[in-house]
Amino acid sequence: QEREDHCRRGNEERKQRHSSEQEHRRERSGDRDRHRDHSDRRKNPNERAGARGQERDRDAQNLREQQAEREFYNERRREHRQSAEGSGAEQHAELGPPDSKPRDKAAASKEKPSFELSGALLEDTNTFRGVVIKYSEPPEARVPKTRWRLYPFKNDEFLPVMYIHRQSAYLLGRHRRIADIPIDHPSCSKQHAVFQYRLVEYTRADGSVGRRVRPYIIDLGSGNG
Numbered sequence: 001q002e003r004e005d006h007c008r009r010g011n012e013e014r015k016q017r018h019s020s021e022q023e024h025r026r027e028r029s030g031d032r033d034r035h036r037d038h039s040d041r042r043k044n045p046n047e048r049a050g051a052r053g054q055e056r057d058r059d060a061q062n063l064r065e066q067q068a069e070r071e072f073y074n075e076r077r078r079e080h081r082q083s084a085e086g087s088g089a090e091q092h093a094e095l096g097p098p099d100s101k102p103r104d105k106a107a108a109s110k111e112k113p114s115f116e117l118s119g120a121l122l123e124d125t126n127t128f129r130g131v132v133i134k135y136s137e138p139p140e141a142r143v144p145k146t147r148w149r150l151y152p153f154k155n156d157e158f159l160p161v162m163y164i165h166r167q168s169a170y171l172l173g174r175h176r177r178i179a180d181i182p183i184d185h186p187s188c189s190k191q192h193a194v195f196q197y198r199l200v201e202y203t204r205a206d207g208s209v210g211r212r213v214r215p216y217i218i219d220l221g222s223g224n225g
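For the sequence shown, the positions run 1 to 225 when the UniProt record's numbering is used.
Given below as structure tokens:
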């Protein structure tokens, strides 16, 4: 009888030790999992911040490359505009004074020949990176002296500042190959709008007329406005 009681007590003690060891192992495993989760949470913000920084650097590099190519394109457009203005001045000089004779007035009232490019010539001049641009700058286009800039945000994230005073016009759209300011929204067209600086006249407080450069946003027939 005593031997059986002793064996029974030994079995119960072994079961208790085994259960306590299993519980201790579970507690240690839970501690390791919690420590691993805490370490991951501490590492992930840095990884996310690094990814955001790389993305911002990549966007800034693309913007600089586009600006360099755009400057070359703007130089071509300025040369075309200057040649068109020179042709218009020569035509006006050939017509002579408007009040010389009635016969001269009748000649001046006729339709003047247009020296602007059209059709295939316009397509060749207004092509950038193999894409025909829907917009042509007006003769009054000017590069502003005021240092205009844009401060874009994506949700609550502050994106790199866009300096928009180095050119006379900036193309906005979804076509990243030609857009100066790309907009990656599905409602945006490939060539959505253009940001144009123009030299316009205004009346001062004393009644005299002056001229100044002002920015305009021009829609390029976008689907969603």
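The beta carbon of each residue, even a glycine, is placed where N, CA and C say it ideally should be.
- Rounded to whole angstroms, the Cβ separation of A193 and I164 is 13 Å, and the two are not in contact under 8 Å.
- Around the CB of E55, fewer than 16 other CB atoms lie within 10 Å, so the residue is classed as exposed.
- If the five residues before and after R129 are omitted, its C-beta is found closer than 8 Å to the C-beta atoms of E69, R177 and I178, all from its own chain and listed in chain order.
- In the structure shown, L199 falls within a strand segment according to DSSP collapsed to helix, strand and coil.
- In this structure, DSSP gives G207 a state outside helix and strand, which the three-state scheme calls coil.
- Between the beta-carbon of K190 and that of R174 there is about 5 Å, and that keeps the pair under the 8 Å contact cut.
- About 5 Å separates the Cβ atoms of L171 and D180, confirming a contact at the 8 Å cut-off.
- In this structure, the CA atom of R149 is about 13 Å from the CA atom of S168.
- Here E157 carries a strand assignment [DSSP, helix/strand/coil].
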